[in-house]
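The structure appears below as C-alpha cells.
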Amino acid sequence: MFAKRTNWNLTPNRLSEALEAHRAAGKPLLDLTVSNPTECGFEYDSAAILDALSNPAALSYEPNPNGLESARRAVAGYYSDRGENVSIEDIFLTTSTSEAYSYVFRALCDPGDELLIPSPSYPLFDFLADIQDVSLVRYPLLYDHGWQIDFHSLERAITPRTRGVIVVNPNNPTGNFVKSAEMAKLNEICSARGLAIMADEVFLDFALDGDRPVSFAANRGAPTFTLSGLSKICGLPQMKAAWLIVSGPQTWKSQALARLEVIADTYLSVNAPVQLAIPRFLEQRHSFQEQVMARAQRNLAELDRQLAAHKAVSRLEVEGGWCAVLRVPATHSDEDLAIELLTTHGVSVHPGHFYGFHSKGYLVAALLAHETKFSTCVARLMAFLDQSH
Ligand SMILES: Cc1ncc(COP(=O)(O)O)c(C=O)c1O
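Numbers given in the working numbering equal positions in the sequence shown, counted from 1, plus 17.
As C-alpha cells, this is what we get:
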C-alpha cells in the first residue's frame, strides 16, 4: 500500500538503543553531541524575540511566493554586511534549509537523477533525496593537514544523470570552508557540464580563525543555489525560517526563478508572524554568534590542553562550525567505541560513520556544551580511551 520510497529501515541502531536504555535507567548523561543551541545555556534577548512575533501586520494575509519583501530586505542586508550583493528578487523564504533543498531538488531533478554530495558530511541528505526520488552519489573530501575537495573523484562521479553538486560551506562536521580556488574549480566544472551548485551555508558565520570566508550567494560563475537560515545563524531553529538564493548566468537564473516561483507559490509555507520577525531575529545574531564563538574557542582550547597528554588521540584541523573530529585508535568499530563510552563513562559522542567516515577511528564532538560540562566529558573520554588500550 505504501510507496517504495518509504520502505526505510526504521529499527533503531545499537547506539540509539543504548542511549535509550541509559536514559530509561535514569543515569546521568554527559552529552558531547548537543547541537540544539536553545539547550546550551546561551543568553537570548527573550523580550525582543517574543515582541518581534506580535507584529499587528500579521493580522493580514499578503501571499507572496518569494516571501514578504521586508524579510527579504533583511536577508539581503545580512549579505551586504558580509560584502555580498544579493538582490531581493533572487531570494525565496522557506521554513527550513531542508525545505529549501527540497525545492531545489524538485526544480532540478527527475526521478533517478543524481546529485553529488560531500563525504563525510551531515546525514541530512539521504532522507531528503529519498523523498524527492533523487539518487545521491558521494564525492570524497580528503584530509591532509586540513580538508579539501577531491576534484579528481568528483569529476569521475559525474554521469549523464548528474544535475548538481552540493557543497557544505563550512562542512559539518569537518569544519572546512570552500576556498576561492575550490569555488573557481567548481564553477569551471559545473558551468562546463550544465550542473548546478547547491551551497549549504548554515554555518558560514562561525569561522574559528577569524577569517571571513567567501559565500556562494553572489556567485555568478555557474548556476548556483545558496541555502541558509536562522536555525544556526541566530540560534533560532524553532522559528523555522530559512532561505534560498538563486545566482548565476542571467538566462539560466530567470528560468530557475520562474520555476521556483511556482513551487514556492504552491506551498506559501512561511507564516506571517515569523516573516515579519525576520529583520529583528537577524539583529539577534551578533550577540548569539559572539557567545557561540567564545564558547567553541574555549572548548577547543580545553580539548587541545587535554589532548596534549594523550599521544594516541588527536583532533583534526577545524576552520569553522560547531564540531571537532577526533582521531582515536582504531581498535574497535567507532560504533562499539561510542557504545562502550556511553555504558562505562556516561558520555555520548557521535561515531564517525554517522557522518560517513569510511574508516574506523573517528569520533565527533560538538563544541557547544557549557565549558565545565565539556571539560568533564573530554576528561572522561580520555580516561576511557586510556583504559581501552
Ligand atoms: C549542514 C546543515 N545543513 C542544514 C541543516 C538543517 O538546517 P535547518 O534547520 O534550516 O533545516 C543542518 C542541521 O544541523 C546542517 O548541519
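We treat Cβ as the ideally placed atom computed from N, Cα and C, and that holds for glycine. Computed from a prediction, not measured in an experiment: that's the story for all the values here.
The beta carbon of E172 lies closer than 7 Å to those of I206 in the same chain, with the five residues before and after it left out.
Counting other Cβ atoms within 10 Å of its Cβ, N26 stays below 16 and is therefore classed as exposed.
Counting the other Cβ atoms within 10 Å of the Cβ of S197 gives fewer than 16, which makes it exposed. The beta carbon of E388 lies closer than 8 Å to those of R312, R315, N316, E319 in the same chain, with the five residues before and after it left out.
Shortest Cα-Cα distance from A91 to any of G246, R123, H169, G238 involves G246. Of the candidates A20, R22, V51, S138, the residue whose Cα lies closest to the Cα of F391 is V51. N53 counts as exposed, since fewer than 16 other beta carbons sit within 10 angstroms of its beta carbon.
The nearest non-hydrogen atom of ligand 1 is 6 Å or more from the C-beta of A294. Collapsing the DSSP output to three states places Q149 in coil. Of the candidates A400, L385, S405, F401, L385 places its Cα closest to the Cα of E56. DSSP, reduced to helix, strand and coil, places M215 within a strand of the structure shown. Boundaries of the alpha helix (DSSP H) harbouring F305: 302-324, taken from the DSSP string.
Residue side-chain check: T114 places its Cβ nearer than 6 Å to a non-hydrogen atom of ligand 1.
Scanning the region 217-255 from its first residue to its last, the whole beta strand (DSSP E) runs of 3-plus residues come out as 241-246. In the same chain as T112, and ignoring 5 residues on each side of it, the C-beta atoms closer than 8 Å to its own belong to K257, A258, A259, S286, V287, in chain order. Residue environment for D217: buried (at least 16 other C-beta atoms within 10 angstroms of its C-beta). Between L402 and V291, the C-beta spacing is not below 7 Å. Between V103 and I262 a beta carbon distance of about 6 Å is seen, short of the 8 Å cut, so the two are scored as contacting. CA-to-CA, the gap between R237 and P266 works out to about 6 Å. By the neighbour-count criterion, in which a residue is buried when 16 or more other Cβ atoms sit within 10 angstroms of its Cβ, N188 is buried. In the structure shown, A42 adopts coil according to DSSP, grouped into three states.
Within the same chain, I105, I108 come within 6 Å of R89 by CB-CB distance, once the 5 residues on both sides are set aside. Judged by DSSP in its simplified three-state form, Y96 adopts helix. Distance from the CA of W164 to the CA of M310, rounded to the nearest whole angstrom, comes to 21 Å.
The beta carbon of L253 is closer than 7 Å to those of L247, F298 in its chain, skipping five residues each way along the sequence. Per DSSP, C207 is one residue of the alpha helix (DSSP H) stretching across 197-210. L70 and Y284 have their C-alpha atoms roughly 21 Å apart. In its chain, beyond the 5 residues on either side, H387 have a beta carbon closer than 6 Å to the beta carbon of G58. For F19, no beta strand (DSSP E) segment is defined, and its DSSP state is neither H nor E. Annotation: E300 to Q255 spans about 17 Å, alpha carbon to alpha carbon. Around N204, the same chain offers I214, N236, G238, A239 as residues with beta carbons nearer than 8 Å, after the five sequence neighbours per side are excluded. Per DSSP, the unbroken alpha helix (DSSP H) holding I280 starts and ends at 267-284.
Rounded to whole angstroms, the separation of the alpha carbons of E79 and V151 is 33 Å.
Relative to the Cα of S119, the nearest Cα in the group R210, L244, E352, A20 belongs to L244. The beta carbon of D226 is closer than 7 Å to those of E336 in its chain, skipping five residues each way along the sequence.
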